[in-house]
Amino acid sequence: MIYVFGINKPEETSWRICNHQPDFKLIINDEVKPLTGEVLTRYGCIGFRSLDKTFKHVLNQSEHITFNKQKHKAGLKLMQAEIFTPQVYLTKQDVEYPCMGRKYEHSRGEDINYIINKEELEKDSSNYYTKFIPSISEYRIHIFKGKPTRISKKIKASSNSHPFIRSYLRGWRFQDTFEWKLGLTLLKEVYVKAVESVQTLNLDFGAVDILITKDKKPCILEVNTGPRLNRLGRKIFRNQVRKYAKILEET
Numbered sequence: 037m038i039y040v041f042g043i044n045k046p047e048e049t050s051w052r053i054c055n056h057q058p059d060f061k062l063i064i065n066d067e068v069k070p071l072t073g074e075v076l077t078r079y080g081c082i083g084f085r086s087l088d089k090t091f092k093h094v095l096n097q098s099e100h101i102t103f104n105k106q107k108h109k110a111g112l113k114l115m116q117a118e119i120f121t122p123q124v125y126l127t128k129q130d131v132e133y134p135c136m137g138r139k140y141e142h143s144r145g146e147d148i149n150y151i152i153n154k155e156e157l158e159k160d161s162s163n164y165y166t167k168f169i170p171s172i173s174e175y176r177i178h179i180f181k182g183k184p185t186r187i188s189k190k191i192k193a194s195s196n197s198h199p200f201i202r203s204y205l206r207g208w209r210f211q212d213t214f215e216w217k218l219g220l221t222l223l224k225e226v227y228v229k230a231v232e233s234v235q236t237l238n239l240d241f242g243a244v245d246i247l248i249t250k251d252k253k254p255c256i257l258e259v260n261t262g263p264r265l266n267r268l269g270r271k272i273f274r275n276q277v278r279k280y281a282k283i284l285e286e287t
C-alpha cells in the first residue's frame, strides 16, 4: 500500500490521486492513527511529523516541505547554491525597482504585487520582495527522484490575461501540448536547473516554475510541493510513485 498524506476534499489533488486507486490510501490530519509502512508520500502537507519516522521511505519529508513553504528562505537557498533565481529583498530599504511583492506563504499567485516606485512600495504590505525578471515565457517542470517527468507551458486563457504575471488568478493556465521553439540546448538546461532546484531544497519531487528570460536563460521562480494536477498529471505521478515503490520491494 502507498500512503499519501494530503487533504480529504474532492477538489484537492491528493484526494484525486488516491480516488479509485486500490494501491493508494489517503491519510489526513484528523484520521491519523499509528501507521507503519514502506512508502509515505507527503503531498504538500506537513502535519504529524512523527509519521516520517514510522515509514521506511518518505517522499518529501515534513521538515523539507515546511522550509520550502517559506518561499523567501527557499529563494535565498537557491541563490546560495548559485542557481539563477530572482533576487530576494527582505527589507524595503534593499529593494530595486521594479520588483514583486510576495507573502511568505502563497499559492496560485494570489499575493503578487508589481511595484515600480517608492510611493507604491511604501503603501505595500507584502512580507518580502523579489527582483522583477523580464521574460518571454514560463514553464512548469515536474521532477521526481532526480528526473523530469513532464513539462507544461503557461498560456493566456483570455484577452484579459495579465501581460507578464502568469498566475491562475491573473488569467493564465498550463498547457501540456505545445511546440518547444527555443532549441534543444536550452531545453536540456531547463531540465538540469529544475532537477538542481528540487535537490537543493532536499525534496524528492516537485513542480518547478521556470521563466525564460529575454536573453534565453532559465530563471527558477519556485518549487511547488503540492501542485494541482490534471488527469494526465495525476496518472504520471501515480506511475512514478508505483515504480519507486516497486524498486524498493525488489532491493
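Just so you know, our numbering puts 53 at position 17 of the sequence shown, and the rest follows in order with no gaps.
Positions of the beta carbon are idealized from the N, C-alpha and C atoms, including for glycine.
Enclosing beta strand (DSSP E) for residue i [first to last residue]
i, result
"Glu174", "Ser171 to Phe180"
"Arg78", "Gly73 to Arg78"
"Gln211", "Trp208 to Gln211"
"Asn260", "Pro254 to Asn260"
Residue range of the alpha helix (DSSP H) that includes residue i
i, result
"Glu156", "Lys154 to Lys159"
"Arg113", "Correcting the residue type first, residue 113 is Lys in the shown sequence and not Arg. Where Lys113 is concerned, the enclosing alpha helix (DSSP H) stretches over Lys107 to Gln116."
"Cys81", "No alpha helix (DSSP H) contains Cys81, which DSSP labels as neither H nor E."
"Glu232", "Leu220 to Thr236"
"Ser188", "Run containing Ser188: none in the alpha helix (DSSP H); it sits in the beta strand (DSSP E), Lys183 to Lys192."
"Leu284", "Arg267 to Glu286"
Residue i versus residue j: straight-line alpha-carbon distance, rounded
i, j, result
"Val94", "Asn149", "36 Å"
"Leu157", "Glu174", "26 Å"
"Arg103", "Val40", "Contrary to the premise, residue 103 reads as Phe rather than Arg in this sequence. The straight-line gap from Cα to Cα measures roughly 20 Å."
"Leu237", "Thr166", "19 Å"
"Ser162", "Gly207", "22 Å"
"Cys54", "Pro46", "10 Å"
"Phe120", "Gln106", "18 Å"
"Ile38", "Arg78", "11 Å"
Own chain residues within Cβ distance below 8 Å of residue i, not counting five before or after
i, result
"Ile169", "Pro122, Leu247, Thr249 and Cys255"
Cβ-based neighbour list, residue i, same chain, cut-off 6 Å, excluding 5 preceding and 5 following
i, result
"Asp245", "Arg176, Leu257 and Glu258"
"Glu146", "Leu205"
"Ala117", "Thr236"
Presumed contact (8 Å Cβ cut-off) between residue i and residue j, rounded CB distance
i, j, result
"Ala230", "Val75", "Contact doesn't hold; Cβ gap of about 23 Å is too wide."
"Gln235", "Gly182", "7 Å"
Cut-off 7 Å between Cβ atoms - residues of its own chain near residue i, not counting five sequence neighbours on either side
i, result
"Asn44", "Trp51, Leu62 and Ile64"
"Pro134", "Tyr150, Ile151, Ile152 and Phe168"
task = Mind the definition here: the segment 203-219 touches the segment 181-192 only if three or more C-beta pairs lie below 8 Å; say whether that holds.
result = yes
inquiry  = Within 8 Å, do at least three Cβ pairs link the segment 215-235 to the segment 192-206?
reply    = no
inquiry  = Three Cβ pairs or more, each shorter than 8 Å: is that satisfied between the segment 262-274 and the segment 112-127?
reply    = no
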